[in-house]
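> I'd like to ask some things about the structure below.
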Amino acid sequence: MATTRFIQQTRRHVATQTNALPTASIPKLNREVTRLGFGAYRVSHGNKTHAQALQQALRGGINIIDTAANFQNGSSETLIGDTMQAMVSSGEIDRNCLTVVSKAGYLSSADVEGFDASKDYVQINEKSFHAVSPKIIESQLAKSLERLKTDRLDMFLINGPERMLMTKSRPYSPAQLYKDLGETFRYLDAQVANGTIGGYGVCSNTMALPSAVDHVSLTQVLDACSKPDNFVAVEAPFNIFEREVVMADQGKTVSDIAQENGVFLMTNRPLNAIANGQIRVLVNHALGGGDTEGSRASERELMEKMSKSFEQVSKLESEMMSELPVEEESLTAKFVWGQVLSENLSRLSQNHFAARHYLAQQVLPAVEKDIGVLANYAAQFEGDRAILFDEWIDEYRENVRALADDIVGYAYIDTLRKNSELDRILNALSPILSKQREEDMHSPLSVKALRFLLGHEQVGTVFTGMRDPVYVKDALKAGQESVDNPLGARNIHEIWQCPIFV
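Numbering that gives the first Met the number 0 puts the first residue of the sequence shown at 0, with every later residue one more than the last.
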């Protein structure tokens, strides 16, 4: 059994205490880093909250940062560069004590201008491209260094190479991928030699999924590397619902292969799990003032607000139905979004991530298209009647958008309910987690989920999103608790045995 093998695994990273945070050593770089890292996927330059969060994390002892060229179209790297520069200049931090990880691979149409589509990159869809070629990696690395305001990256990863296998723009096989990676590794070897990067590696969502059609094999990736001493790290998803990076029914896991080759294992998405085909955010903070009654009050307020939004949209649609002549029945039929969303509310409330995506990517664009048709129809009128249509369009657009936000909020309530139940399950399974003091925590479940992952000693660093100071506080608390009250292998085994996580 995979869980039995997990219990038998020996300690792979020795955790020491720096500001009450566990640390691990990157073998090939001889660098000590915190086992919790600042995940910068959603941080943006110019956002004061994001900057404050990074400052708080660094002051709290976090010393490893994960970003990428495509994170917020480079804005993530810019914020990190500005923040590090300011804190180094003020003497608050020593740049040599920080480990900065960046990645490249995901590309926009602007990124591929001037490159050869037949060999430098592949097209994934209308607006998305991907590359592992030395030419584009060189360009992306140079831009990352500029945005990060540094002349050296501690680790540089090829990001999502599996996407190359999903292209329809030209034939592309796994054999070609490993060949191309080998060429890029040789380019990166030169960057290690001249000091531009400390080492390199790969970040992949499918590395731990051998049955995936776009699986990237770590063994074959390493075989493609001519100077394995420079291949220092890998990064893959790992959370309480996605265990594959450390556990497998048969064969070696990514963590096994990484350990055998002295490769540092980093993980991401600790609080954004994919469970039963849906994204599940592992948070259970209070909606109101932090107590149960406050949460109920806020829930009532959200429900009342959504009901009023439905009423307003329906009222506006009824007004337009009365305004349009009978012969414009096809135009009238377009404005029934209040009814459509009401009939699908139960389904939409099941997952707030899916609801937000559906509303933002499908419903709101469709509404805009319908409004455009109405605006063309109204263009024939002048004076008061033209003004009436313009005012109705503005009010309708505003109210539909407000309704969409309210529906997402309503779905989020359901997420919090489910996660509160998950929190209770973890308490029942783990005496150690059940004793967690939660007075000053934003999301007790998030802290427990991070502590659970940190209990897996074969994992070097867990990158978690910290774009808000309250997230940083929870992460630091999880790190401290993992040192003061660590979860043992037997305790972790009991949690993995729970059917809800299988």
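Every residue, glycine too, gets a C-beta built ideally from N, C-alpha and C.
(1) Exposed or buried, which one is Y376 when buried takes at least 16 other CB atoms within 10 Å?
(2) For the beta strand (DSSP E) holding Q277, just list the boundary residues, first then last.
(3) What first and last residue would you give for the alpha helix (DSSP H) that runs through G371?
(4) I'd like to confirm the pairing. Which residues does DSSP put opposite Y199 in its beta bridges?
(5) Short check: CB of A207 to CB of A232, under 7 angstroms?
(6) Note down, in chain order, each residue of its chain lying with its Cβ closer than 6 angstroms to the Cβ of R355, except the 5 sequence neighbours on either side.
(7) Sorted by chain position, which residues of the same chain lie with C-beta nearer than 7 angstroms to Q311's C-beta, five sequence neighbours on each side aside?
(8) Let me know the secondary structure DSSP gives V220 once reduced to three states.
(9) In three-state DSSP terms, what is F462?
(10) Nearest by alpha-carbon distance to R450: which of K118, R416, A192, I494 is it?
(11) Would you identify the three-state DSSP class for K47, choosing helix, strand or coil?
(12) Tell me the DSSP secondary structure of R30 in three-state form.
(13) From the DSSP output, in three-state form, read off K102 for me.
(14) Within 10 angstroms of its Cβ, does R466 collect 16 or more other Cβ (buried), or is it exposed?
(15) Which residues share a DSSP beta bridge with N238?
(16) By the three-class DSSP mapping on this structure, what secondary structure does Q258 have?
(17) At a cut of 8 angstroms, does the stretch 429-441 reach the stretch 467-485 through at least three beta carbon pairs?
(18) Can you tell me the Cα-Cα spacing of Q190 and Q175, whole angstroms?
(19) Within its chain, find whatever has a CB closer than 6 angstroms to the CB of F334; leave out the 5 residues flanking it on each side and keep chain order.
(20) Within the same chain, show all residues whose beta-carbon is closer than 6 angstroms to that of E31, passing over the 5 residues directly before and after it, in chain order.
(21) Can you tell me the Cβ-Cβ gap for V42 and Q71, rounded? I've got them flagged as a contact below 8 angstroms.
(22) Here's the rule: buried if 16 or more other CB atoms are within 10 angstroms of the residue's CB, otherwise exposed. What is Q249?
(23) Are at least three pairs of beta-carbons, each pair with one atom in the stretch 85-93 and one in the stretch 47-66, less than 8 angstroms apart?
(24) Counting Cβ pairs, one atom from each stretch, are 3 or more of them under 8 angstroms apart for the stretch 191-210 and the stretch 156-167?
(25) Taking 7 angstroms as the cut-off, decide whether the C-beta atoms of E76 and L187 are in contact.
(26) Could you tell me how far apart the beta carbons of A39 and T66 are, in whole angstroms, since I believe they sit closer than 8 angstroms?
(27) Taking only the alpha-carbon atoms, compute the straight-line gap between N283 and R416 and give it to the nearest angstrom.
(28) Looking at V461: is its Cβ nearer than 7 angstroms to the Cβ of T266?
Reading it off the structure:
(1) On the sequence shown, residue 376 is found 377 positions in, with the first residue counted as 1. Exposed is the call here.
(2) Numbered from 1 along the sequence shown, position 278 holds the residue referred to as residue 277. Counting along the chain, the beta strand (DSSP E) containing Q277 begins and ends at 277-280.
(3) Translated into positions along the sequence shown, residue 371 becomes position 372. Note, G371: alpha helix (DSSP H), 363-377.
(4) Taking the first residue of the sequence shown as 1, we reach residue 199 at position 200. Per DSSP, F155, F230.
(5) Along the sequence shown, one-based indexing puts residue 207 at 208. Along the sequence shown, one-based indexing puts residue 232 at 233. Cβ atoms of A207 and A232: not closer than 7 angstroms.
(6) By one-based count along the sequence shown, residue 355 stands at place 356. For R355, where only same-chain residues beyond five positions count, the Cβ hits under 6 angstroms are V407.
(7) Working through the sequence shown from its first residue, we reach residue 311 at position 312. Only N398 meet the Cβ criterion.
(8) Reading the sequence shown from its first residue, position 221 is the one you call residue 220. Helix, per DSSP.
(9) Against the sequence shown, residue 462 aligns to sequence position 463. It is a strand residue.
(10) Within the sequence shown, the letter at position 451 stands for residue 450. Ranking the options by Cα distance to R450, first place goes to I494.
(11) Along the sequence shown, read from residue 1 onward, the residue named residue 47 stands at position 48. Reduced to three states, the DSSP call for K47 is helix.
(12) Residue 30 sits at position 31 when you count from the first residue of the sequence shown. R30 falls in the strand class under three-state DSSP.
(13) Along the sequence shown, read from residue 1 onward, the residue named residue 102 stands at position 103. Strand at K102.
(14) Counting from one through the sequence shown, the residue named residue 466 turns up at place 467. The residue is buried, with at least 16 neighbouring Cβ atoms inside 10 Å.
(15) Against the sequence shown, residue 238 aligns to sequence position 239. Beta-bridge pairing links N238 to E241.
(16) Position 259 of the sequence shown, counted from the start, is the residue given in the question as residue 258. Looking at Q258 - three-state DSSP - the assignment turns out to be helix.
(17) yes
(18) Against the sequence shown, residue 190 aligns to sequence position 191. Against the sequence shown, residue 175 aligns to sequence position 176. In a straight line, the C-alpha of Q190 is about 23 angstroms away from that of Q175.
(19) Within the sequence shown, the letter at position 335 stands for residue 334. If we look at F334 and ignore the five residues flanking it on each side, its Cβ neighbours are E316, M319.
(20) By 1-based counting over the sequence shown, the position of residue 31 is 32. Excluding positions up to five away in sequence, the list reads T22, S24.
(21) In the sequence shown, residue 42 corresponds to position 43, counting from 1. In the sequence shown, residue 71 corresponds to position 72, counting from 1. The pair is a contact, with the Cβ atoms about 7 angstroms apart (cut-off 8 angstroms).
(22) By one-based count along the sequence shown, residue 249 stands at place 250. So Q249 ends up on the exposed side.
(23) yes
(24) yes
(25) Within the sequence shown, numbered from 1, the residue matching residue 76 stands at position 77. Within the sequence shown, numbered from 1, the residue matching residue 187 stands at position 188. Not closer than 7 angstroms, so no.
(26) Locating residue 39 in the sequence shown gives position 40, counting from the first residue. Locating residue 66 in the sequence shown gives position 67, counting from the first residue. About 4 angstroms; that satisfies the 8 angstroms criterion.
(27) Here residue 283 refers to the residue found at position 284 of the sequence shown. Here residue 416 refers to the residue found at position 417 of the sequence shown. Their backbone Cα atoms lie some 8 angstroms apart in a straight line.
(28) Here residue 461 corresponds to residue number 462 of the sequence shown, with the count starting at 1. Here residue 266 corresponds to residue number 267 of the sequence shown, with the count starting at 1. Result yes, Cβ atoms of V461 and T266 sit closer than 7 angstroms.
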